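Below is one structure, written out as structure tokens; comments come after it.
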Amino acid sequence: MIALAFFATAINYLDRQTLSVAAPVLIDQFRMSNTAYARVIFAFMLAYTIANGISGPVIDRLGTRLGFALTMALWSIADMLHALARGPWSLGACRFLLGFGEAGNWPASVKVVAEWFPVKERALASGIFNSGSSVGAILAPPVVVWLLVRYGWHQAFIWVGALGILWLAIWSLVYHTPEDSKAEVAATPVPPLRLFRTRFVLSFTLAKVFLDPVWYFYIFWFPEYLKRARHFSMASIGKYAWIPFAVAGLGNFLGGWVSALMLQRGLSLNASRKGGVTLFAVVMMSAIPAVLVTDVRFSIGLVSLAMLGYTGCNSILLACPADVFPKNVVGSIWGLASMGSGFGGMVFALLTGLMVDRFSYTPVFIGFGIMPLVCTAILWTVLGPISPASSGLDFTEAS
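Sequential numbering of the sequence shown, starting at 0, is according to numbering that gives the first Met the number 0.
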């Protein structure tokens with residue numbers, strides 16, 4: 000079951016990264032500035048933000064099997080529609096549809112973890128499925144560049160989008176809810192607005208405003224950074240741009256392992272989750288020297304380390320909603336919290352385009368090296384304790 004979530008996440012990122020890898024070609028063909036490209040990314044993040052608030056509650060009500068199938072179908076079709084783009088506006092419209100569909104992947108995958116894994120295994124299970132994002136991003140540069148060179152950018156979007164349709168057929172035949180989770184999953188979900196008013200959801204959402212945009216910067220801008228700032232050719236981008244994502248894949252497992260190790264050593268659930276996130280947030284500061292070094296090999300290495308820090312943080316955070324709330328609402332919790340992710344992604348995408356056009360990539364990398372520390376400060380000072388008793392709701396009454 001976790002393999003299905005892993006492959007869905009890999010396809011999600013392969014779809015998402017197709018534009019990032021093709022960006023140097025499309026920017027030249029459509030004559031876009033960095034600011035115009037940032038607006039295309041903004042369209043994706045706008046839809047992603049809106050859909051996160053919708054997809055989580057919808058998946059909780061429809062169930063994991065049907066909810067995951069619908070979101071996969073939507074984003075796969077949207078990705079194939081990119082082949083029809085004829086300029087920045089139509090490209091932005093396609094990105095909007097893609098963002099609306101892709102938002103459902105994480106609420107659905109988090110529900111898979113909640114339904115199938117106990118507390119001690121959730122961080123590692125979350126890391127396993129989330130490592131699909133790294134695998135998709137690793138595959139994107141060589142696969143998309145090969146498709147671009149051989150068939151053109153239109154076919155790249157069509158073939159990558161078609162992978163989701165294949166996954167959909169397998170998912171529909173295989174997935175089911177385990178017997179010991181059926182009663183809790185079938186309970187009536189709590190209204191999203193009531194969930195959003197809790198201290199945990201509000202502060203968790205705020206924390207993601209300052210963490211997830213760092214990852215979005217790497218996935219949307221790194222190939223363009225290599226071309227414009229490091230003067231890479233498309234062939235070189237295809238050859239080297241996958242490296243940071245390969246390293247980032249390790250962070251998914253390290254995050255789950257570190258959190259589990261802290262629990263085994265007797266630390267509380269609260270300390271193990273927050274302590275693990277803090278450790279990996281410090282690692283993310285390697286983004287700062289990455290833009291300052293002259294040797295591109297060191298730059299790629301430091302970016303790789305920063306991305307490993309993010310996936311380590313995220314694998315731990317993915318487990319937190321199920322640590323605090325029952326299984327029938329974890330999709331809604333993650334969806335609502337990810338609205339903060341999308342909001343931060345929109346704002347910082349526009350700022351990135353403006354900063355790069357007016358200055359350079361240097362202040363951008365420095366800012367994204369510092370932001371994870373803001374996230375950890377919110378977790379320690381605002382979030383409150385991570386425990387089943389800290390949800391702030393009477394779920395017996397709510398159900």
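Note that the Cβ used here is the ideal one computed from N, Cα and C, for glycine as well.
Being a predicted model, the structure only gives us computed values, none of them experimental.
1) Considering just the uninterrupted stretch of the alpha helix (DSSP H) at Phe342, what are its terminal residues?
2) Any idea if Gly311 is buried or exposed, counting beta-carbon neighbours within 10 angstroms, 16 or more meaning buried?
3) In this structure, how does DSSP classify Pro401 when only helix, strand and coil are distinguished?
4) Run through DSSP, which three-state label would Pro177 get?
5) Quick one: residues in its chain with C-beta nearer than 8 Å to the C-beta of Arg229, no 5 flanking neighbours on either side, listed in chain order?
6) Of all the options Ala336, Leu291, Ile10, Met338, which has the alpha carbon lying nearest to the alpha carbon of Leu165?
7) Look at the alpha carbon of Leu378 and the alpha carbon of Lys273, and state the distance between them as a whole number of angstroms.
8) In three-state terms, what does DSSP make of Met284?
9) How close, in whole Å, do the beta carbons of Thr48 and Gly248 come, if the pair is a contact with beta carbons under 8 Å?
10) Starting from Ile137, trace the alpha helix (DSSP H) both ways and give me its first and last residue.
11) Got a sec: is the Cβ-Cβ distance from Arg30 to anything in chain D below 8 Å?
12) Would you identify the three-state DSSP class for Val381, choosing helix, strand or coil?
13) Using the Cβ count rule (16 or more neighbours within 10 Å means buried), how would you classify His81?
14) Go through its chain and collect everything with a Cβ distance to Val173's Cβ below 6 Å, but skip five positions before and after it.
15) Is Leu69 helix, strand or coil when you go by DSSP?
16) Report yes if the C-beta distance between Val143 and Phe367 is below 8 Å; otherwise report no.
17) Does the contact criterion of 3 or more C-beta pairs under 8 Å hold for the segment 235 to 251 versus the segment 83 to 95?
18) Leaving aside the five residues before and after Ser130 along the sequence, list all residues of the same chain whose C-beta is less than 6 Å from its C-beta, in chain order.
19) Any contact between the segment 53 to 60 and the segment 26 to 40? By contact I mean 3 or more CB pairs, one from each, below 8 Å.
20) Where do the N-terminal and C-terminal ends of the alpha helix (DSSP H) with Val323 fall, by residue?
21) Tell whether a beta-carbon distance below 8 Å holds between Ala240 and Phe221.
22) Using the three-state DSSP reduction, which class does Val292 fall into: helix, strand or coil?
23) In angstroms, rounded to a whole number, what distance separates the CA positions of Asn104 and Leu96?
24) Starting from the C-beta of Lys119, find all residues in its chain whose C-beta is less than 7 Å away, skip the five residues before and the five after it, and write them out in chain order.
25) Exposed or buried, which one is Leu146 when buried takes at least 16 other CB atoms within 10 Å?
26) Need the endpoints of the alpha helix (DSSP H) that Ala259 sits in, please.
27) Would you check if the segment 320 to 334 and the segment 98 to 118 touch, i.e. whether three or more CB-CB distances between them fall below 8 Å?
28) Taking C-alpha atoms, which residue in Ser19, Asp356, Thr176, Ala348 lies nearest to Ala42?
29) Ends of the alpha helix (DSSP H) at Thr197?
30) Once DSSP output is grouped into helix, strand and coil, what is the label at Lys103?
Quick answer:
1) Stepping through the sequence shown from its first residue, residue 342 is reached at position 343. Per DSSP, Phe342 belongs to the alpha helix (DSSP H) from 329 to 357.
2) Position 312 of the sequence shown, counting from 1, holds the residue named residue 311. The residue in question, Gly311, is buried, as its Cβ has 16 or more Cβ neighbours within 10 Å.
3) In the structure as shown, the chain begins at 0 and stops at 398. Residue 401 is therefore absent and cannot be evaluated.
4) Within the sequence shown, residue 177 is the residue found at index 178, counting from 1. Coil, per DSSP.
5) By 1-based counting over the sequence shown, the position of residue 229 is 230. If we look at Arg229 and ignore the five residues flanking it on each side, its Cβ neighbours are Val295, Ser298.
6) Along the sequence shown, read from residue 1 onward, the residue named residue 165 stands at position 166. Among Ala336, Leu291, Ile10, Met338, the Cα nearest to that of Leu165 is on Ile10.
7) On the sequence shown, position 379 is the one that residue 378 refers to. On the sequence shown, position 274 is the one that residue 273 refers to. Rounded to the nearest angstrom, the two C-alpha atoms are 7 Å apart.
8) Start at 1 with the first residue of the sequence shown, and residue 284 comes out as number 285. Correct three-state label for Met284: helix.
9) The sequence position of residue 48 within the sequence shown is 49, counting from 1. The sequence position of residue 248 within the sequence shown is 249, counting from 1. Rounded, the Cβ-Cβ distance is 26 Å, inconsistent with contact.
10) Here residue 137 refers to the residue found at position 138 of the sequence shown. From DSSP, the alpha helix (DSSP H) with Ile137 extends over 118 to 150.
11) Within the model displayed, chain D is absent; a lone protein chain is all it includes.
12) As a first step, residue 381 must be located in the sequence shown, where it is residue number 382. Three-state DSSP puts Val381 in coil, outside helix and strand.
13) The sequence position of residue 81 within the sequence shown is 82, counting from 1. That one is buried.
14) If you number the sequence shown from 1, residue 173 lands on position 174. Nothing meets the Cβ criterion.
15) As a working note, residue 69 is residue 70 in the sequence shown. Helix, per DSSP.
16) For this step, residue 143 is matched to residue 144 along the sequence shown. For this step, residue 367 is matched to residue 368 along the sequence shown. No; because the gap between Cβ atoms is not below 8 Å, this pair is not in contact.
17) no
18) The sequence position of residue 130 within the sequence shown is 131, counting from 1. Closer than 6 Å at Cβ, skipping near neighbours: Gly248, Asn251.
19) no
20) Counting from one through the sequence shown, the residue named residue 323 turns up at place 324. Counting along the chain, the alpha helix (DSSP H) containing Val323 begins and ends at 319 to 323.
21) Against the sequence shown, residue 240 aligns to sequence position 241. Against the sequence shown, residue 221 aligns to sequence position 222. A contact, by the Cβ cut-off of 8 Å.
22) Counted from its first residue, the sequence shown places residue 292 at position 293. The answer is coil: DSSP assigns Val292 none of H, G, I, E or B.
23) One-based indexing of the sequence shown puts residue 104 at position 105. One-based indexing of the sequence shown puts residue 96 at position 97. Near 14 Å, if we compare the C-alpha coordinates of Leu96 and Asn104.
24) The residue labelled residue 119 in the question sits at position 120 within the sequence shown. Cβ neighbours of Lys119 beyond the five flanking positions: Ala259, Leu262.
25) In the sequence shown, residue 146 corresponds to position 147, counting from 1. Buried.
26) Working through the sequence shown from its first residue, we reach residue 259 at position 260. Unbroken alpha helix (DSSP H) run through Ala259: 242 to 263.
27) yes
28) On the sequence shown, position 43 is the one that residue 42 refers to. Of the listed residues, the one whose Cα sits closest to Ala42 is Ala348.
29) The residue given as residue 197 occupies position 198 in the sequence shown. From DSSP, Thr197 is part of no alpha helix (DSSP H); its letter is neither H nor E.
30) The residue labelled residue 103 in the question sits at position 104 within the sequence shown. At residue 103 the sequence reads Gly, which differs from the Lys that was named. Coil.
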